[in-house]
Amino acid sequence: MNSSRIGNHTIKIESPAYLSYSGVVAGPKEGLGPLTGDYDGVKEDLEMGEKSFEKSERRLMEDACSIALSKGNLGKGDIDYFIAGDLLNQITVSGFCALEHPVPFLGIYGACANLTQGLGLGAMFIAGGYGSRVLVATSSHNCSAERQYRYPTEYGFQKPGWAQWTVTGAGAAVITSEVKAPRITTVTWGEAVDSGIKDASSLGSAMAPAAAAAMLFHFQELQIDPQYYDLIVTGDLGQYGMQLARELMERRNYQLQGNYTDCGTLIYYPHQQVGAGGSGCASSALVTLGNIYRRLNEGELNKVLVVATGALHSPTSCFQGDSIPAVAHAVSIENE
Amino acid sequence: MEYLLAFVVGGLFCVVGQLLFDLTSWTPGHVLTAFTVAGGLLGGVGWYDKLIEFAGAGASLPISSFGNALVNGAMSEAAANGVIGVLTGMFELTSTGVTAAIIFGFLAAVVFSPRG
């Protein structure tokens, strides 16, 4: 075995894997939020001219991919692999989007951890020399997620205050071996964790232990402190899950101070009434590939750890009384 | 006065429903069926009709009234035709509501083409 693997979870990406281009498209509610200037496109309505919300989500992912590729003047066939995942059953958004790209396609499912799962895999492909350009994409749509996981939107289901709001949007990134940009330097693959929570509206709490576990593996195996990073973000824990992750880390003597935040808490203003914050694949994608990517490029940030978090339940598993397993993967992005 | 009573009693039904949402992990489905069954049980012992006499629409409008009507229909048919009346009478009093729900649901779907 080569020495790129550190501990049981972490991999050092030795040969450069650059996050060369990104494309971020947001929904209308997200466009009214504080990060709106960092999105490449904002949709005016939730339908986006399509006949179903599932098709609208496909439009989001396809647009994000097109934007990312166009920034590098790349055509749809100019990449070596397309890695994508979403939240819908059988990841159909990704599957249909892959039809647009005549290259090898790998569908992934880590729920809302899709972003870092995709970025990590893409970086490994590049570092391993198995390709020079990988397109990674993920998406979520509030209404398609509501329909699948909860109730029809027309039903007007009343959510508890600790529930979160699925973010409408998509993010795509082109990872290359040649076009210099912020680099993916390490990947820490997290383990699935079952915190025993059965309430599907408490996903932030269900995922916090997985996020804490991934961060612990990352800091311990690389023997670094949280202070090493300018910014540490979890994907979509929301305000309560974020608090829980911070407490769990404190118990293990790692202090997550002012350099820690959660993507789900950044996307909306408080008056937008999203409960504990944003959730969904697009939560980490919009913030990481939009706001954080810009700040990395401008040199405002130099070392960032992104820990996207996914709840691995299905409506069926919840109806059958199972608790909610969760997973989180950490990817560090640094300026050279 | 009867408007006030309807408002207060109907409001109390809603308070119970809200408390069930806030204090338990019940889903809307659980609350809906619990209200229907509770209305049926109260109807079975004859209390629900008294509540309707007292509060009017405050008691006849909530879904518990549907449970009451199911049970009343079944019981009156059972009294007339024996056990088989439970089956034939169940929707005797509620057929208007059930049919209206189907027809208006259909019309709303045709006009608004729901996507959620």
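Read top to bottom, the protein sequences are chains A and B. Residues in the first sequence are numbered consecutively from 39, following this note's numbering. Residues in the second sequence are numbered consecutively from 412, following this note's numbering. Using N, Cα and C, we set each Cβ at its ideal position, and we do this for glycine too.
Look at the region 470-498 of chain B: it has no residue with a C-beta under 7 Å from a C-beta of chain A.
Against chain B, the beta carbon of T191 of chain A has neighbours under 7 Å at G527, listed in chain order.
As computed with DSSP, K114 of chain A is found in no beta bridge at all. Contact fails between the region 284-297 of chain A and the region 429-445 of chain B, because fewer than three Cβ pairs, one in each stretch, are under 8 Å apart. For E372 of chain A, the enclosing beta strand (DSSP E) begins and ends at 363-372. Counting along the chain, G123 of chain A sits inside the beta strand (DSSP E) bounded by residues 119-123. Close partners of D237 of chain A in chain B (Cβ separation under 7 Å): S436.
Contact with chain A is found for F432 of chain B, since one of that chain's Cβ atoms lies less than 9 Å from the residue's Cβ. Neighbourhood of Q196 of chain A in chain B, by CB distance below 7 Å: F432, in chain order. Comparing alpha-carbon positions, the option among A:D116, A:A251, A:V325, A:W227 lying closest to R289 of chain A turns out to be A:A251.
The DSSP-derived three-state label of S58 of chain A is strand.
Under the DSSP definition of a beta bridge, D232 of chain A partners with A:P363. S90 of chain A reaches chain B at R526, counting residues in chain order whose Cβ is nearer than 9 Å. Less than 9 Å divides the Cβ of A349 of chain A from the Cβ of A244 of chain A. When B:A480, B:I495, B:G422 are compared, the shortest CA-CA separation from A449 of chain B is found for B:A480. When secondary structure is reduced to three states using DSSP, Y147 of chain A falls in the coil class, being assigned neither helix nor strand.
Boundaries of the alpha helix (DSSP H) around V509 of chain B: 506-523. Neighbours of R185 of chain A in chain B, taken as residues at a C-beta separation under 8 Å, are given in chain order as G527. Annotation for A468 of chain B: A417 place their beta carbon closer than 6 Å to its own, counting only its chain and skipping 5 residues before and after.
A Cβ-Cβ distance of about 7 Å is found for the pair V217 of chain A and G110 of chain A, placing them in contact under the 8 Å criterion.
Residue-level contact check: E95 of chain A does not touch chain B, since none of the beta carbons of chain B fall below 9 Å from its beta carbon.
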